[in-house]
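Working notes, beginning with the structure itself.
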Amino acid sequence: MRTRGYGVAVTGTGLDTNYALAQCYSNLSLVDCVLCFSAAETLLPQCYPYNGRRIYLDGCFFRVDNYMFYDQYLGPEDRHVCGNRTTKGTLFQQNARRAVQQAVANAPSNDGYARAEVSVPSPSNETAYVLADCWKTLSANSCAACLQNASASMLGCLPWSEGRALYTGCFMRYSDTNFLNDTSTSGGSSSRGKVVVIVIVVVISSVVVLGAAAFVGFGVWENKQIQKKRKGKCFCAKNINDVHIVEYISCDLHSTVPRQLSRINLRRCGLLMFFLGNLNLLGANDVEKLVKILHQNSLNFKYSTLDYP
Numbered sequence: 001m002r003t004r005g006y007g008v009a010v011t012g013t014g015l016d017t018n019y020a021l022a023q024c025y026s027n028l029s030l031v032d033c034v035l036c037f038s039a040a041e042t043l044l045p046q047c048y049p050y051n052g053r054r055i056y057l058d059g060c061f062f063r064v065d066n067y068m069f070y071d072q073y074l075g076p077e078d079r080h081v082c083g084n085r086t087t088k089g090t091l092f093q094q095n096a097r098r099a100v101q102q103a104v105a106n107a108p109s110n111d112g113y114a115r116a117e118v119s120v121p122s123p124s125n126e127t128a129y130v131l132a133d134c135w136k137t138l139s140a141n142s143c144a145a146c147l148q149n150a151s152a153s154m155l156g157c158l159p160w161s162e163g164r165a166l167y168t169g170c171f172m173r174y175s176d177t178n179f180l181n182d183t184s185t186s187g188g189s190s191s192r193g194k195v196v197v198i199v200i201v202v203v204i205s206s207v208v209v210l211g212a213a214a215f216v217g218f219g220v221w222e223n224k225q226i227q228k229k230r231k232g233k234c235f236c237a238k239n240i241n242d243v244h245i246v247e248y249i250s251c252d253l254h255s256t257v258p259r260q261l262s263r264i265n266l267r268r269c270g271l272l273m274f275f276l277g278n279l280n281l282l283g284a285n286d287v288e289k290l291v292k293i294l295h296q297n298s299l300n301f302k303y304s305t306l307d308y309p
């Protein structure tokens with residue numbers, strides 16, 4: 001990740017083998033890539049006890065599973081996420097479709113990534129910006145198939161000004177805001193932009209082996225309880241607009257947040273709970289209260305800052 005913005009790893013043996021894939025998007029410098037990966041890494045352990053875990057951030061992707069998934073490009077958890085800030089007119093929608101078409105066409109033959117910017121002369125700024133990234137473990141054909149499906153899904157967000165596609169083998173985004181950071185100086189300064197944290201926790205059921213005959217009845221009951229806990233999908237998304245510094249706190253236990261801290265957004269996602277907000281919008285006393293609450297409840301407290309000057 002530090003040298004090329006991408007990595008895979010395999011640990012364990014037999015039934016205990018785990019496969020991991022992490023990749024930064026093409027609009028991120030290596031400096032920001034390391035920051036993004038660190039943020040994703042701190043969120044990943046909170047997904048326990050689920051076997052399959054996926055985290056999408058606006059900058060990188062991280063997945064861990066108990067089977068080899070590197071060649072997968074479509075799956076039942078694939079989805080699009082629409083930004084609901086503003087709706088756009090016909091001209092922007094046309095530009096967005098053209099930009100998406102360009103990115104989908106260019107990415108498979110360009111190491112799996114492409115960016116596009118389409119505008120036409122008009123009294124108002126109707127420029128559309130698009131990013132497309134496939135995971136580097138995919139072939140060109142698989143990348144093309146993923147982007148074609150992802151783009152068709154994401155364009156369903158129009159006329160909203162922003163949309164994302166979170167797919168098994170690729171990520172796409174369009175927006176009326178220029179998020180296509182200049183990465184030509186990838187070793188230097190951090191990129192600028194708003195950050196949207198999208199956390200996907202993909203829940204995959206596991207099989208519980210029944211014990212001896214004397215414990216069959218108990219084993220069946222216990223298995224049903226475990227499956228009930230692990231069944232389904234968990235998805236949290238939150239947009240943070242017009243901020244320059246994004247800070248998050250993640251914890252794995254429930255907590256009560258005083259009304260004074262309502263400017264911190266609390267989202268509960270199965271066994272995963274995290275605070276997401278701009279702590280700079282709070283006063284010093286409010287931040288101290290929040291930290292005190294977390295420590296009083298013996299929460300697994302993690303704190304990270306991504307600085308976008």
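Sequential numbering from 1 applies to the sequence shown in full-length UniProt numbering.
The C-beta atom is built at its ideal place from N, Cα and C for all residues, glycine as well.
Is the beta carbon of CYS36 sitting closer than 8 angstroms to the one on TRP160?
-> no
Just curious, the alpha helix (DSSP H) that residue 339 is in, first and last residue?
-> Outside the displayed range of the chain (1 to 309) lies residue 339, so it cannot be described from this structure.
List the DSSP bridge partners of SER109.
-> Answer is none; SER109 lacks a bridge partner.
May I have the straight-line CA-CA distance separating LEU180 from TYR25, to the nearest angstrom?
-> 10 angstroms
Helix, strand or coil at ASP16 [DSSP, three-state] = helix
Go through its chain and collect everything with a Cβ distance to ALA44's Cβ below 7 angstroms, but skip five positions before and after it.
-> The sequence given here places Leu at residue 44; Ala does not occur at that position. So the qualifying residues of the chain are ARG53, ILE55, PHE62, VAL64.
Is MET172 helix, strand or coil by DSSP?
-> strand
To the nearest whole angstrom, what separates the beta carbons of ASN66 and ASN110, a pair I think is in contact under 8 angstroms?
-> With 8 angstroms as the limit, ASN66 and ASN110 do not qualify as a contact, their Cβ atoms being about 32 angstroms apart.
Beta-carbon gap between TYR99 and VAL130 smaller than 8 angstroms | In the sequence as presented, Tyr is not what sits at residue 99; that position holds Ala. Their beta carbons are under 8 angstroms apart, which means ALA99 touches VAL130 by this criterion.
Which residues bound the alpha helix (DSSP H) around ASP133?
-> Premise fails: ASP133 lies in the beta strand (DSSP E), 128-134, not in any alpha helix (DSSP H).
Who are the Cβ neighbours of MET154 in its own chain at under 6 angstroms, not counting the five residues just before and after it?
-> HIS80, GLY163, ALA165, MET172
Among GLY89, GLN72, GLY5, CYS170, which residue has its Cα nearest to the Cα of PRO123?
-> GLY89
Which first and last residues belong to the alpha helix (DSSP H) in which SER26 is found?
-> Taken as a continuous stretch (DSSP letters only), SER26 belongs to no alpha helix (DSSP H), as it is neither H nor E.
Over what stretch of residues does the alpha helix (DSSP H) that includes LEU57 continue unbroken?
-> Note, LEU57: premise wrong, no alpha helix (DSSP H); beta strand (DSSP E) at 53-57.
Would you call the CB atoms of ALA39 and LEU57 closer than 8 angstroms?
-> yes
ASN149 versus TYR174: straight-line alpha-carbon distance, rounded = 15 angstroms
With DSSP run on the structure shown, which of helix, strand or coil describes residue 361?
-> Here the chain has residues from 1 to 309 only, and residue 361 is not among them.
In terms of alpha-carbon separation, which member of VAL34, GLN93, PHE69 lies closest to GLY169?
-> PHE69
On a CA-only basis, which of GLN102, GLU126, LEU158, MET1 is nearest GLY59? Give me that one, please.
-> MET1
Integer-rounded CB distance, given that CYS134 should sit under 8 angstroms from LEU147 = 7 angstroms
ASN278 (DSSP reduced to helix, strand or coil) | Reliability of the predicted coordinates at ASN278 is poor, the pLDDT of 42 falling under 50, and no value is obtained from them.
Under the DSSP definition of a beta bridge, which residues are partnered with ARG164?
-> VAL81, ARG173
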